[in-house]
Amino acid sequence: MQHQSHPPASTTTTTDTDTVLSVRNLSIDYHLRTHILHAVRDVSFDLKAGHTLALVGESGSGKSVTARALLRIIDTPARVTGGTITLTGPDGPQRLDQMTETGKEIRAIRGGRIGLIFQEPMSSLSPVRTIGAQIVESVRLHRKMTKQEAKAETVSLLRQVEIDNPEQMADRYTFEFSGGMRQRAMIAMALACNPDVLIADEPTTALDVTTQAEIMDLIKRLQVSRGMTMLMITHDLGLVAEIADDVAVMRFGRIVEQGPVDALFHAPRTAYARALLGSTLRLEAGQNRPAPPTQGEPLLSARGLTKGFGAKSWTGKTTWAITAVDNVNIDLWPGENLGIVGESGSGKTTLGKMLLRIVEPTAGRIDWRPQPGAAPRDVTAMDRRTLRTYRQAVRLVFQDPFASLNPRMTVKQVIGDPLYVAGGMNGAAIDRRVGELLELVGLDRSAMERYPHAFSGGQRQRIGIARALALNPQIIVADEATSALDVSIRAQILDLLLDLQKRLGLSFVFIAHDISVVRYFCDRVVVMHKGRIVETGTAEHICTTPSEPYTQALISAVPSPDPRNKRMSQRTRLSR
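First residue of the sequence shown: 1224, per the working numbering; consecutive thereafter.
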C-alpha cells in the first residue's frame, strides 16, 4: 500500500501483540559543513514476530542508515532528529531512540536482543584475532558463561551455520575463510545471543549465486527454528521475492510504497516501484538479438591455458598446490559478447587476467589477430614493447567503480592518463578527446574537472568505461563490471555497453556471477568450475536448458523475481 504519514508518536508507544519492533516517523539528518542533508524522512514500519520485512531501494535511498539507527550506531555527522523506535519485550516496551549511544541499555540490546549481519564481513571481522575468539567475546559479553562454556557454544554455533570441522576452524583467522565462510561466521556471531530481531544488511552482495542461495537458505532455516524476526536490507528484488513476507520501498529517504510482497510484485502502486521491478524483469527476460557470425578466424583464442600457484618440486617434477585455471580453450569472435560464469574460486578472474597478461600463464597459448584476416600473434611470447600495443587493443573495466579510480586525480586526468602514456597526447588534444569520451558514455564535458567522489556509483562506472575506450580498443574485458551497482543502474550500464558495441564494433569478454546479467548481455557463455570449463553454449541454452549437472545447479540457484514462483528452495544441489 502507499505509505501514509503517521501522527506523532506519544512517549509510551502502544504496539500490536505480534509487533516486536515499531518505528514511527523516524527522521535522520546529516549536518554537513555547507548544508543539512535529510537522509531519512518520516519513516514508519513494524517488524512482526517471525516475519521478514525487506527494506529495498537504490544506493543512497536511506536503507542502511535506517537500520543502523535502530541500534544507535549511525556515524557522525548524522543524528536522529525525530521519531520513535520501540522494542517490545517481556519487561514491556523499550524506547531505543531515548537511549544514549554508549549507555549500558543499548549495549545490552546490540548483539543481545538485536543481531546484525554486516554487508562486508572482511571489513567487519578483526584480521588479527581468530574467528573463535571474536565469537567467544560476543557470547561472554551478553551471556553469563565461563570461557570454556563460551568456547563450546562457539563450536556449536559454527556447526549450526554449517562450517565443517568447527573445532579446527574456530582457531583460523578471517583471511583463511572464503567469502561464504566469512559470512557464515558473521551469522554465527549475530546469532550468538539468541536475538529476537536479526538485521541483515545486504548479506549476500559479494557472493556468487550458489553461495548466496546457501546463505539465504541457512538464514531462513535459522530464523524459523529460532522464531526470529528479520529486517533484510537489499536492492536484489529476486531475493525479496524468495525470502520476504512484507516489503517497504525507499526512495530519497522516504518510504514510497509498503505492503505484502505479492502486492509489490503483481500490483505495484507507484511509478518508482514499477520502474525497479521493470529493470529486474528486463534483465531476467534477456534479449532477442542476432548472434554474431562465428565463421572465419576468431579475434582472440586461448589454447591449453593453465595457471598454477604454490609450486612444489619433488624429484625434479613440478606440481602445483592450486591449479586456478586448468587447460582452458576459448575463442572470441568479432562483435561477440562472451560470458564467463562460475562460483567464486572457479578461475574466472584469473582467466581474464591471463588474457591481458596481468597474470602470466603457467602453460598454454593466447593468439590475437590485430585485424580480421591477419596472421595470429602469440600474446604469451610478446616482449614488453609489443605487449603495450596489445594492451591498447584489449582493455579492462574493473569491478569496483569506487576503488578503481584514483581519488586524487580529476576525471580528465583519469581518462587522459592512457592517452598521455600510450598515445602521446597532451594539452588541448587530451581535452578534446576526454570531452568526446565523456559524451560517448552519457556524461557532460564539464565533468572532466571534478573528482571521482563527486559522482554516483553508476557515473563512476561510466568514467571507468570511458577510460577503457580512450585508446579505441577492439576488445574489452569486463570483470564483474556491474556487480556493485543497483539493478536500475546495472541495466543502464549494460545498455550503454551494448550501444557502444554497435557504434564502435567492440567485442567483450564479460566475467560475472550474475546469471540475469549474462543472459541479457552475452551471446555465448562459458561455464567454469574448479578451474575447468564444464559447458559452453549460447546464452539462451545455458540459462534455460543447461546440459551439465553443475550448470543446472548454478542456474537453479538464481532467485526468481516472482514470489509465486520461488526457485531457490527447489534448487539443484551438488555434493561438494
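Note that beta-carbon positions come from the ideal geometry of N, C-alpha and C, so glycine has one too.
Check residue 1781 in the structure and name its three-state DSSP category. The residue you call residue 1781 lines up with position 558 of the sequence shown. Residue state, collapsed to three classes: coil.
Are the Cβ atoms of residue 1528 and residue 1555 separated by less than 8 angstroms? Stepping through the sequence shown from its first residue, residue 1528 is reached at position 305. Stepping through the sequence shown from its first residue, residue 1555 is reached at position 332. The beta carbons of residue 1528 and residue 1555 sit no closer together than 8 angstroms.
Is DSSP giving residue 1324 helix, strand or coil here? Numbered from its first residue, the sequence shown carries residue 1324 at position 101. The answer is coil: DSSP assigns residue 1324 none of H, G, I, E or B.
Could you tell me if residue 1458 is buried or exposed, where buried requires 16 or more neighbouring beta carbons within 10 angstroms of its beta carbon? As a working note, residue 1458 is residue 235 in the sequence shown. Under a 10 Å Cβ-count criterion, residue 1458 is classified as buried, with 16 or more other Cβ atoms of the shown protein chains found around its own Cβ.
Distance CB(residue 1421)-CB(residue 1446) smaller than 8 angstroms: By one-based count along the sequence shown, residue 1421 stands at place 198. By one-based count along the sequence shown, residue 1446 stands at place 223. Closer than 8 angstroms, so yes.
Within the continuous alpha helix (DSSP H) that includes residue 1613, where are the two ends? Taking the sequence shown and counting its residues from 1, the one referred to as residue 1613 is at position 390. Residue 1613 -> alpha helix (DSSP H) spans 1607-1616.
Can you look up residue 1800 in the DSSP assignment and give me helix, strand or coil? Since the first and last residues shown for the chain are 1224 and 1799, residue 1800 lies out of range.
Cβ-based burial, residue 1651 [other Cβ within 10 Å; buried from 16]: The sequence position of residue 1651 within the sequence shown is 428, counting from 1. Exposed, because fewer than 16 other Cβ atoms sit within 10 Å of the Cβ of residue 1651.
Residue from 1385, 1357 and 1365 whose Cα sits closest to the Cα of residue 1394: As a first step, residue 1394 must be located in the sequence shown, where it is residue number 171. It is 1357.
Quick check on DSSP: helix, strand or coil for residue 1640? Residue mapping note: residue 1640 aligns to position 417 of the sequence shown, counting from 1. When DSSP states are grouped into helix, strand and coil, residue 1640 belongs to the helix group.
In its own chain, which residues sit with a C-beta less than 8 angstroms from the C-beta of residue 1788, not counting the 5 before and 5 after it? The residue labelled residue 1788 in the question sits at position 565 within the sequence shown. Counting only Cβ-Cβ distances below 8 angstroms, and skipping sequence neighbours, we find nothing.
Contact the stretch 1447-1467 vs the stretch 1268-1288: 3+ CB pairs below 8 angstroms: Contact between the stretch 1447-1467 and the stretch 1268-1288 is established, with three or more Cβ pairs separated by less than 8 angstroms.
With DSSP as the reference, please indicate the residues paired to residue 1317 in a beta bridge. As a working mapping, residue 1317 is identified with position 94 in the sequence shown. Paired residues: 1310.
Return the bridge partner residues of residue 1731 from the DSSP annotation. Counting from 1 along the sequence shown, the entry for residue 1731 is found at position 508. Bridge partners of residue 1731: 1560 and 1699.
Taking all protein chains shown into account, decide if residue 1525 is buried (16 or more other Cβ within 10 angstroms of its Cβ) or exposed. In the sequence shown, residue 1525 corresponds to position 302, counting from 1. That one is buried.
Under the DSSP definition of a beta bridge, which residues are partnered with residue 1455? One-based indexing of the sequence shown puts residue 1455 at position 232. 1277 and 1423.
Using 10 angstroms around the beta-carbon of residue 1581, count the other beta-carbons present and answer buried if the total reaches 16, otherwise exposed. Here residue 1581 refers to the residue found at position 358 when the sequence shown is read from its first residue. It is exposed - the Cβ of residue 1581 has fewer than 16 other Cβ atoms within 10 Å.
In the DSSP assignment, the beta strand (DSSP E) including residue 1761 goes from what residue to what residue? By 1-based counting over the sequence shown, the position of residue 1761 is 538. Where residue 1761 is concerned, the enclosing beta strand (DSSP E) stretches over 1755-1761.
Buried or exposed by the 16-neighbour rule on C-beta atoms within 10 Å, applied to residue 1243: Taking the first residue of the sequence shown as 1, we reach residue 1243 at position 20. Flag for residue 1243 reads buried.
For residue 1786, which residues in the same chain have their Cβ closer than 7 angstroms to its Cβ, ignoring the five residues on either side in sequence? For the purposes of this step, residue 1786 is taken as residue 563 along the sequence shown, with counting starting at 1. Cβ within range, chain order: 1464, 1484, 1485 and 1488.
Using CA coordinates, which residue listed in 1793, 1335, 1578 and 1557 is at the minimum distance from residue 1551? Locating residue 1551 in the sequence shown gives position 328, where the first residue counts as 1. The option with the nearest alpha carbon to residue 1551 is 1578.
According to DSSP, residue 1253 sits in a beta bridge with which residue or residues? Within the sequence shown, numbered from 1, the residue matching residue 1253 stands at position 30. For residue 1253, which the question treats as bridged, DSSP gives the partners 1260 and 1301.
What's the gap between the Cα of residue 1384 and the Cα of residue 1597? Sequence index remark: in the sequence shown, residue 1384 carries index 161 (1-based). Sequence index remark: in the sequence shown, residue 1597 carries index 374 (1-based). Distance between the alpha carbons of residue 1384 and residue 1597 is about 55 angstroms.
Between residue 1618 and the rest of its own chain, which residues show a CB-CB distance below 6 angstroms, the 5 nearest in sequence each way excluded? Here residue 1618 is taken as the residue at index 395 of the sequence shown, counted from 1. The residues are 1691, 1696 and 1699.
Is residue 1440 helix, strand or coil when you go by DSSP? If you number the sequence shown from 1, residue 1440 lands on position 217. It is helical.
Please confirm if the stretch 1582-1592 is in contact with the stretch 1559-1566, defined as three or more CB-CB distances below 8 angstroms between the two stretches. Too few Cβ pairs lie closer than 8 angstroms, so no.
Boundaries (first-last residue) of the alpha helix (DSSP H) holding residue 1463: Residue numbering aside, residue 1463 sits at position 240 when the sequence shown is read from its first letter. Per DSSP, residue 1463 belongs to the alpha helix (DSSP H) from 1460-1466.
If you drop the 5 nearest sequence neighbours on each side, which residues of the same chain put their C-beta closer than 7 angstroms to that of residue 1621? Counted from its first residue, the sequence shown places residue 1621 at position 398. 1627, 1687 and 1702.
By Cβ distance below 7 angstroms, which residues in the same chain neighbour residue 1707 in space, the five residues on each side in sequence not counted? Within the sequence shown, residue 1707 is the residue found at index 484, counting from 1. For residue 1707, where only same-chain residues beyond five positions count, the Cβ hits under 7 angstroms are 1622, 1623, 1624 and 1680.
Any chance you could list the beta strand (DSSP E) runs of at least 3 consecutive residues sitting entirely within the stretch 1471-1511, in chain order? 1477-1483
Can you grab the Cα-Cα spacing for the pair residue 1475 / residue 1261, in whole Å? By one-based count along the sequence shown, residue 1475 stands at place 252. By one-based count along the sequence shown, residue 1261 stands at place 38. Cα to Cα, the separation comes out at about 9 angstroms.
Nearest-angstrom Cα distance between residue 1532 and residue 1724? As a position in the sequence shown, residue 1532 is number 309, starting the count at 1. As a position in the sequence shown, residue 1724 is number 501, starting the count at 1. Near 35 angstroms, if we compare the C-alpha coordinates of residue 1724 and residue 1532.
From the DSSP secondary-structure annotation, give me the bridge partner or partners of residue 1247. To locate residue 1247, count along the sequence shown from 1; it is residue 24. Answer is 1307, bridged to residue 1247.
Can you tell me the Cα-Cα spacing of residue 1400 and residue 1780, whole angstroms? Reading the sequence shown from its first residue, position 177 is the one you call residue 1400. Reading the sequence shown from its first residue, position 557 is the one you call residue 1780. Their Cα atoms are separated by approximately 22 angstroms.
Measure the alpha-carbon distance for residue 1282 versus residue 1306 and round it to whole angstroms. For this step, residue 1282 is matched to residue 59 along the sequence shown. For this step, residue 1306 is matched to residue 83 along the sequence shown. Each residue's alpha carbon lies about 23 angstroms from the other.
Do you know how far the Cα of residue 1337 is from the Cα of residue 1574? Within the sequence shown, numbered from 1, the residue matching residue 1574 stands at position 351. Within the sequence shown, numbered from 1, the residue matching residue 1337 stands at position 114. Their backbone Cα atoms lie some 42 angstroms apart in a straight line.
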